[in-house]
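Enquirer:
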Amino acid sequence: MRTVIVGAGLVGLTTAASLRLIGHDVTVLEHAPEVRAVGAGIGLWPNALREFDKLGIGDAVRRMGDTVDAWFFDAAGKPERADGYDPSRYRFLMVPRPGLNTLLAETVGLERIRLGTHVTGFTEHDTHVEVHVSDGPSSRADLLIGADGVYSDVRAALVPGSSAVEHEGNRVWRAMVPSGDERPGTTSWRR
Ligand SMILES: Cc1cc2nc3c(=O)[nH]c(=O)nc-3n(C[C@H](O)[C@H](O)[C@H](O)COP(=O)(O)OP(=O)(O)OC[C@H]3O[C@@H](n4cnc5c(N)ncnc54)[C@H](O)[C@@H]3O)c2cc1C
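Using our numbering, the letters of the sequence shown correspond one by one to residues 2 to 192.
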């Protein structure tokens, strides 16, 4: 099956690598000039790691990350764990997003990722789908997958009225800082 995936983010690349395993002829169309990741780190739970194991990159992903133990605190800042809390169920692996996306792109095969290719729409036919790009010929596919992020144009075209709505009123700033002399027992990184 010839499959076109729009978006070379975490989802598009993981989907591409997984479908290749079951024999799809995959092409990923990405409008950015390079495979890149927005944000610093991403927490991966066991279900994600199981999928990376199936792709044969589980160990490489584990090597690039750090295990994090989750803790809860009372109002006075005292760490607490409820009776029956099993830390192993909430332990996760924090990995750098750019490294993960690069590894996934290599797993997919760079020759299958068309960078600088902006998808503008698609036309469904009885036997195939035609994927339109801003410059160049359309791509013909048996299956089109929209992995073009939260503001997905593919989803908006397929399901009118489903455009993402920007959340108002709250903002988050995230950053990476060097670790220092954090209190022991807080949410912590473990090598
Ligand atoms: C602050 C924050 C923290 C998070 N923390 C975690 C976490 O710890 N663990 C976790 O599992 N998840 C976490 N998430 C969620 C996770 O980051 C997202 O679910 C995931 O990154 C989405 O990946 P994606 O590939 O769907 O989208 P994106 O990364 O947005 O990729 C979409 C790609 O599509 C391309 N594209 C868009 N439109 C077009 C077009 N028309 N033509 C061609 N290409 C196009 C874009 O350039 C982009 O490369 C977090 C999210 C946020 C905001």
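The beta-carbon is built from N, C-alpha and C at its ideal position, and this holds for glycine as well.
1) For Arg191 and Phe74, what's the separation of their Cα atoms in angstroms?
2) Does at least one heavy atom of ligand 1 sit under 8 Å from the Cβ of Tyr152?
3) Out of Asp87, Tyr91, Gly122 and Thr103, which one is the CA nearest neighbour of Ile6?
4) Could you give the distance in angstroms between the alpha-carbon of Ala148 and the alpha-carbon of Val29?
5) Just to confirm, does Thr124 get its C-beta within under 8 Å of one of the non-hydrogen atoms of ligand 1?
6) Relative to ligand 1, is the shortest distance from any of its heavy atoms to the C-beta of Ile58 smaller than 8 Å?
7) DSSP beta-bridge partners for Leu22?
8) In the DSSP assignment, find the beta strand (DSSP E) that holds Leu142 and state where it starts and stops.
9) Which residue comes first and which comes last in the beta strand (DSSP E) that contains Glu52?
10) Which partner residues does Met65 have in the DSSP bridge list?
11) Closer than 8 Å to a non-hydrogen atom of ligand 1 - does that hold for the CB of Val173?
12) For Thr16, which residues in the same chain have their Cβ closer than 8 Å to its Cβ, ignoring the five residues on either side in sequence?
13) Verify whether the separation of the beta carbon atoms of Arg195 and Arg113 is less than 9 Å.
14) Exposed or buried, which one is His25 when buried takes at least 16 other CB atoms within 10 Å?
15) Do Leu94 and Val130 have their CB atoms nearer than 9 Å?
16) As a quick exercise: from Lys79, Glu107, Val120 and Ser19, pick the residue whose alpha carbon is nearest that of Arg156.
Expert: By the coordinates alone:
1) In this prediction, Arg191 has a pLDDT of 45, which is less than 50 and means its spatial position is unreliable; what the coordinates show is noted afterwards. Using only the alpha carbons, I get a separation of about 19 Å.
2) yes
3) The shortest C-alpha separation from Ile6 is found at Gly122.
4) 9 Å
5) No, ligand 1 has no heavy atom inside 8 Å of this Cβ.
6) no
7) Paired residues: none, contrary to the question.
8) Checking the sequence shown, residue 142 turns out to be Ala, not Leu. Segment Ser140 to Ala142, the beta strand (DSSP E) holding Ala142.
9) Run containing Glu52: none in the beta strand (DSSP E); it sits in the alpha helix (DSSP H), Pro47 to Lys55.
10) Partner(s): none; Met65 has no beta bridge.
11) yes
12) Here the set comprises Ile6, Ile146 and Ala148.
13) With the chain covering only 2 through 192, there is no way to say anything about residue 195.
14) Around the C-beta of His25, 16 or more other C-beta atoms lie within 10 Å, and the residue is accordingly described as buried.
15) no
16) Val120
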